[in-house]
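Here the structure is laid out as structure tokens; the discussion comes afterwards.
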Amino acid sequence: MPRMLDFHLEPQGEAHRYTVKVYPRGDSQLLAQDDFEFPVSFLTGFEISRMDAEGGDPRERLERLTAFGQKLYQKLFTPPIKAAWEAAAAGDDFLTLCLRVSPDPACAGLQALPWETLHDGQEFIAAGARSGLSRLPLDIDPRPPAPPLPPPLKMLALVSSPLDLKETERLQIEREQEILLQAVNSPAGQGAIALEFEDEAKLPILETALENHYHILHYSGHGISPENGGGLLLEDLHGNRRPATVEELLSAIRKSGDSLKLVALSGCQTARTLHSGGFRDLARGLARQGVPAVIAMQFSISDDAGLLFAEQFYLRVAAGLPLEQALSATRRQMLYSDKPHLQADALAAVLIAADGNCLKVEAKAEAEAKEGGLKIDFSFHLPLAQLSRGFYGRRKEYREIRDALVFRGDRAVIVHGIGGIGKTALISYSAERLRKHFKGVYAFNCSVGALAPERILLELHRYFERLGVNELQALLHQSFPPEQLATYLAQFLSQWPLLLIFDNFESQLTPAPVRPPDKDVRIPANLSGLNRPGLTGSTHSIAEVNLREFMAALVKATATGTRFLFTTRYRFDLESKRVGNIRELPLHDLSRPEALGLMQKLPRLSGADFPEKLRAFKTFGGHPYALVALDRHCAHQPLTKALENAAGLHGELREFLVLELNYSQLSERARELLDRLSAFRVPVAPGAAEWVMGEKVNTNAAVELLKRIDREKLPEQFKNLDDAKLLELLEKSLPQQRKAENLTQPIKELADWGLLTPILEAGSLAQLAVHSLVRDFCRERHNREAWRLLLRDAAAFYTNQTKLIRRDDKSPAALWSEMEAFELRMEAGDWEDAANLLMNAGPLLDRWGWGRYLESQYNRLLDKAGKPTLAKILHNRAILLQNRGDYGAALEHYRQSLEIEEELGNRAGVAITLHQIGMIHQQRGEYGAALEQYRQSLAIKEEIGDRAGVAKTLHQIGMIHQDRGDYGAALEQYRQSLEIVEEIGDRAGVAKTLHQIGMIHQARGDYGAALEQYRQSLEIEEELGNRAGVAQSLHQIGMIHQDRGEYGAALEQYRQSLEIVEEIGDRAGVAQTLHQIGMIHQQRGEYGAALEHYRQSLEIEEELGNRAGVAESRAQIGKLFTETARYPEALEHLFFALAELAQMQSPNAQIVANMLKTLRGKWGAAHFDPAWQKATGQPAPDWVK
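In this note's numbering, the protein residues as written are 2 to 1186.
See the structure below:
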């Protein structure tokens, strides 16, 4: 039997001294007691910060974790405590150390320590072969064992990524969902865990969801900083950030009653989450609220670690292990991985548990025996096919139905979409959930025979008769006209709130005659004219005239009480004019996480490995019937074989969906539109229809532009082109305009046949979507080359929209549209074009924090691109690594690129790579090695006549002289560079060099000359529209005003610069300007404002992983604390900065060393030297004295 020892940690009375008492769990007998000392200081915080996932080399992190844990062990495990622990551990049972820290403020420092690192010299106690570690605040009593839970364990996952977060802060929601789906793939396949996702992280939605008695709540997202009260960053009604306080979240969780047993506050992309420290306060609050167990991450961890942790932990929980054992085994699995970063992330999770057995599940036979109290609800008549696997996904669509019928007062909802898309499953689920809002539910399965007004009346009469209501008897066997009968029936239904469902209503429809569209009707920009009076209505109507009149009158006359739900493959109108508030709800494919979740509920696919499920999704998409059919095929063959024989199943699906028949019914123009729209992989803006069907409009824009060009201002390579060649280049660079007539009708035709899904937002058409199976059908109708042409045209739709947008002006939406073009080019096998799109997008992806994603896309091209492109990809990957400060890996990539360039004889490429290698040496302060690389690069550029390249290298050599303080030599290099860029018309190069010359004048104190250079540079940048360059010049002008003591003028320049860098998403520029504003406040003596700006800058630098920027901010904060006599905190920050800069071999380490000398002088050697000794274990070095 597992056993547990409670370690009570209480204040002893003196600072940093504590008492530890050891008790067996559930026993008041004291086994051991002793005092120990553990000073929690700024250097403790420094040590802990270096254990985070962003803390550099994982091997070094693991060494730090081990060293810290051994130090903790030596302090806590005094001889009597160690003896008690070893005596308890001598048996064969699993032993848990439960750390119970007093809530006394004197113990606040102990609560923040990473106790999971406790290391006895042989192993981590939290991940021992027969030991584990949990926590429980001393003011929370352990809970007695609860009764076992009925299977399966119900788990709700909530992913929050507010829309107004910056790109660097937003989580990829589908990625988070897929990581968790992959993690629980095995237990979910065995029926041990039922995982559901809530797709909107809103507080009211969370409250409502928790009423469904989930056992586990798994949250992925951002926390709120402890300084701001802690809590979670959820979403408001518009999807923007909505901080939820600890109190609000605790109130929401009360809705779950006592069903919620475990809350996991995590995030599989925790390296991107903000304020994970805010989870700690919430975790303790949840434990005090009565939640038996809470898990929170104390460090950021990698994606891989998040996946492995969730996978191993939930597998063991589902197998029935207590949480302490499950977590210990998970940590151990990670520690014994062969991947260093997984080992270093093994101790991130903290378990607060009042009952480690709270997720114990009773045997299935026992659970079934408890089911009883059978009864029949005659008010609930739902004779539709029910899913034995249960409903999955479509939560957003369910809420639309609920809101329409219950809250907005719509009379009816028509759910339409291609066959097998899940319409019946959705309304069955909706009926179950909404029954409490109605007196009853009655469904007609329209596929079993023809409907008639008399049949509807008779069935409803029999239904109500069973309920003891006979009012409809008076309407039977009367020869009322359909409209009159409907009016009488509506009187009754208005008084009796009934949810009335008509499923498979397409069986009652017939194609309506198509009349020509109005003359000169053109598709509006947003296709809002689809429902305009005067345009052709839906292509289907109710076939039988009496039923048509009856249904229209019934819905029209039932103003209150009863509400109507229809499902149909084809869109239809109840009447040519709408009969009231009727909402249409088109269904598209399930998202990838939804489809993977559905597979986990199917009898055979549930047991498949996660990669096989991904392959199934790639083959059949998110069409529910397709996945169910695939599962059925797997009864006779393994999934791998079924996927190899996918063609046969595709044929079955087409027969079920009657794709060939529906396609053959289309007009020629509608068929062409469907073929062309099918090239798009994802829902697309309505304007795509005009693009793929339109003819090019000749605007003469290129001709007019050619007339205004001043050839003397063109770059050298364009000056000698004739007009025809120049015109050709201009036409390629300008966006193309296309015009198509009368697209409204074919779009409506496709939507009505269920082959195209209109996606509405706020009542307006936002996107058009082609189902994946329809896309496959259309693709197979074309030969390979014809399909590639369609893919290229679809890709051009995206790139055409961004042609005239400068890089710094591109929005995230514009960038991701280019990445969709990249995906289409990849599908077409146009590797070189795909690579060019990716490389052009690379700088923005990296700037906005998507460097890892960019790397993964480069990896896809490594074995496909030709050698010239491969060399560029390796070069670009090296730049990513260089920007992160991973200089060793960057150099390796540059050398691989250099080897290819030399093999190809590409002298220009060799020169560029040598130049970049020189920059790494320069950043390291290795100026001699840097100059050698630059000189080799310069010689090649001069040899091949690359004057622009020569200018860049001369400029960089000038920067080395500038860094060394040799301003005369630097100016000479800049002047040579400036002469070249002026000759070749490189205006951007001129601006850059003028800016650098200005910096030399500024360093010399010649502010007038410096301002003149900056203003010239600024004028050129504004002329070129280079907003990043404008921001840089404004920033530097601000620094001159700052150096002169003109703080008001300086702040004005900084604010202008800050506005620009925020607009263009330059997070590094934002951090730099905030830092500089902080320095102004510091110089004015406004230390509070200064500290706030430094901290904002520091937070951004930490998010970006910019180690040099982090060190600079920490150094400045250390300097501020020195000036304000906060000497211990000053030592903390300066020590951190020195360690980082020394590790990076940065020349700025000497500046920080001088700051430490200043600190020692102000604090006094009598205080500084002991503090240094205590923090480092070494005497203060001579260089600081």
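Glycine is no exception: its CB is placed at the ideal position from the N, C-alpha and C atoms.
Option in S267, E786 and P205 with minimal Cα separation from A245: In the sequence shown, counting from the first residue as 1, residue 245 sits at position 244. With distances taken between Cα atoms, A245 lies closest to P205.
Segment limits, alpha helix (DSSP H) that includes Q1084: Taking the sequence shown and counting its residues from 1, the one referred to as residue 1084 is at position 1083. Q1084 -> alpha helix (DSSP H) spans R1068 to R1085.
Length of the line joining the Cα atoms of H651 and V704: As a first step, residue 651 must be located in the sequence shown, where it is residue number 650. As a first step, residue 704 must be located in the sequence shown, where it is residue number 703. Cα to Cα, H651 sits roughly 51 Å from V704.
Test item: CB-CB of S257 and H219 under 8 Å: Taking the first residue of the sequence shown as position 1, residue 257 is located at position 256. Taking the first residue of the sequence shown as position 1, residue 219 is located at position 218. No. Outside cutoff.
Cβ neighbour criterion (16 or more within 10 Å) applied to Y595: Within the sequence shown, residue 595 is the residue found at index 594, counting from 1. With the sequence shown as reference, residue 595 is identified as Glu, and Tyr is not the correct amino acid for it. Counting Cβ neighbours within 10 Å, E595 comes out buried, since at least 16 surround it.
Own chain residues within Cβ distance below 7 Å of L838, not counting five before or after: Stepping through the sequence shown from its first residue, residue 838 is reached at position 837. Counting only Cβ-Cβ distances below 7 Å, and skipping sequence neighbours, we find E819, A822, F823 and R826.
CB contact flag (T1123, L1160, <8 Å): For the purposes of this step, residue 1123 is taken as the residue at position 1122 of the sequence shown. For the purposes of this step, residue 1160 is taken as the residue at position 1159 of the sequence shown. Taking 8 Å as the Cβ cut-off, T1123 and L1160 qualify as a contacting pair.
R533 in three-state terms, based on DSSP: Working through the sequence shown from its first residue, we reach residue 533 at position 532. Note on R533: pLDDT 35, under 50, position unreliable in the model; the coordinate value appears next. In the three-state reduction of the DSSP assignment, R533 falls in the coil class.
Limits of the unbroken beta strand (DSSP E) element including Y24: Taking the sequence shown and counting its residues from 1, one reaches residue 24 at position 23. Per DSSP, Y24 belongs to the beta strand (DSSP E) from R18 to P25.
8 Å Cβ cutoff met for F381 and V442: In the sequence shown, the residue the question calls residue 381 occupies position 380. In the sequence shown, the residue the question calls residue 442 occupies position 441. For F381 and V442, yes; Cβs fall inside 8 Å.
Nonlocal neighbours in the same chain, by C-beta distance under 7 Å from R1085, ignoring five residues either side: Within the sequence shown, residue 1085 is the residue found at index 1084, counting from 1. Setting aside the 5 residues that flank it on each side, R1085 is surrounded in the same chain by Y1048, each with a C-beta closer than 7 Å to its C-beta; the list follows chain order.
Cα-Cα separation, Y315 to Q326: Taking the first residue of the sequence shown as position 1, residue 315 is located at position 314. Taking the first residue of the sequence shown as position 1, residue 326 is located at position 325. Approximately 12 Å between the Cα atoms of the pair.
A890 - containing alpha helix (DSSP H), residue span: Here residue 890 refers to the residue found at position 889 when the sequence shown is read from its first residue. According to the DSSP assignment, A890 belongs to the alpha helix (DSSP H) that extends over Y888 to L905.
Residue from E933, I945 and R101 with nearest C-alpha to Q957: As a position in the sequence shown, residue 957 is number 956, starting the count at 1. Among E933, I945 and R101, the Cα nearest to that of Q957 is on E933.
Q1174 - DSSP class collapsed to helix/strand/coil: Residue mapping note: residue 1174 aligns to position 1173 of the sequence shown, counting from 1. The answer is helix: DSSP assigns Q1174 an H, G or I state.
Integer Cβ distance of P747 from S668, believed to fall under 8 Å: As a first step, residue 747 is located in the sequence shown; it is residue number 746 there, counting from the start. As a first step, residue 668 is located in the sequence shown; it is residue number 667 there, counting from the start. Here P747 really is in contact with S668; their C-beta atoms are around 7 Å apart, less than 8 Å.
Bounding residues of the alpha helix (DSSP H) (the contiguous stretch that carries P612): Taking the sequence shown and counting its residues from 1, one reaches residue 612 at position 611. Residues F611 to F621.
Top-ranked residue by Cα proximity to G1162, from R4, D346, L1132 and E550: Within the sequence shown, residue 1162 is the residue found at index 1161, counting from 1. Nearest option by C-alpha distance: L1132.
DSSP three-state assignment for C99, whether helix, strand or coil: Along the sequence shown, one-based indexing puts residue 99 at 98. Three-state result, C99: strand.
Straight-line gap, L591 to L640 (C-alpha atoms, nearest Å): To locate residue 591, count along the sequence shown from 1; it is residue 590. To locate residue 640, count along the sequence shown from 1; it is residue 639. L591 and L640: Cα-Cα distance of roughly 20 Å.
Element boundaries [beta strand (DSSP E), containing Y220]: Taking the sequence shown and counting its residues from 1, one reaches residue 220 at position 219. For Y220, the uninterrupted beta strand (DSSP E) run begins and ends at I217 to S221, by DSSP.
Burial state of H634 (16 or more Cβ within 10 Å): Mapped onto the sequence shown, residue 634 falls at position 633. By the neighbour-count rule (16 or more Cβ atoms within 10 Å), H634 is buried.
Whole-angstrom distance between V416 and R1115, CA atom to CA atom: Counting from 1 along the sequence shown, the entry for residue 1115 is found at position 1114. Counting from 1 along the sequence shown, the entry for residue 416 is found at position 415. Between R1115 and V416, the C-alpha separation is close to 58 Å.
In DSSP terms, what Y1 is bridged to: Nothing can be reported for residue 1, as the shown portion of the chain is limited to 2 through 1186.
Whole-Å CB distance - K424 paired with T568, under 8 Å assumed: If you number the sequence shown from 1, residue 424 lands on position 423. If you number the sequence shown from 1, residue 568 lands on position 567. The C-beta separation of K424 from T568 comes to about 4 Å, placing the pair in contact by the 8 Å criterion.
Cβ shell of D809 (< 6 Å), same chain only, five flanking positions each side left out: In the sequence shown, counting from the first residue as 1, residue 809 sits at position 808. Cβ within range, chain order: R1028, A1029 and I1065.
Span of the alpha helix (DSSP H), counted from its first residue to its last, around M1156: For the purposes of this step, residue 1156 is identified with residue 1155 of the sequence shown, where counting begins at 1. For M1156, the enclosing alpha helix (DSSP H) begins and ends at A1150 to W1164.
Assumed close pair S773, G622 - CB separation to whole angstroms, cut-off 8 Å: As a first step, residue 773 must be located in the sequence shown, where it is residue number 772. As a first step, residue 622 must be located in the sequence shown, where it is residue number 621. Correct: roughly 3 Å between the Cβ atoms.
Nearest-angstrom Cα separation, counted from F1136 out to L599: Here residue 599 refers to the residue found at position 598 of the sequence shown. Here residue 1136 refers to the residue found at position 1135 of the sequence shown. So the two alpha carbons sit approximately 53 Å from each other.
Inter-stretch contact (C-beta, 8 Å, three-pair minimum) for the stretch 995 to 1002 and the stretch 964 to 977: Contact holds between the stretch 995 to 1002 and the stretch 964 to 977, because three or more Cβ pairs, one in each stretch, are under 8 Å apart.
Three-state class that DSSP yields for N672 in the structure shown: Numbered from its first residue, the sequence shown carries residue 672 at position 671. The sequence given here places Arg at residue 672; Asn does not occur at that position. The answer is helix: DSSP assigns R672 an H, G or I state.
Nearest candidate by alpha-carbon position, reference R332, set A349, G321, D339 and K340: Here residue 332 is taken as the residue at index 331 of the sequence shown, counted from 1. Of the candidates A349, G321, D339 and K340, the one whose C-alpha sits nearest the C-alpha of R332 is A349.
Assigned secondary structure, L528 (DSSP; H/G/I helix, E/B strand, else coil): On the sequence shown, position 527 is the one that residue 528 refers to. Unreliable placement is indicated for L528, whose pLDDT of 40 sits below 50; the coordinate value is still reported in the next sentence. Coil.
Member of M552, Q997 and L586 whose CA lies at the smallest distance from the CA of I428: Locating residue 428 in the sequence shown gives position 427, counting from the first residue. Of the listed residues, the one whose Cα sits closest to I428 is L586.
Cβ pair L995, Q977 closer than 8 Å: If you number the sequence shown from 1, residue 995 lands on position 994. If you number the sequence shown from 1, residue 977 lands on position 976. Not closer than 8 Å, so no.
Within 8 Å, strictly: CB atoms of G70 and L164: Here the question's residue 70 lines up with position 69 in the sequence shown. Here the question's residue 164 lines up with position 163 in the sequence shown. For G70 and L164, no; Cβs fall outside 8 Å.
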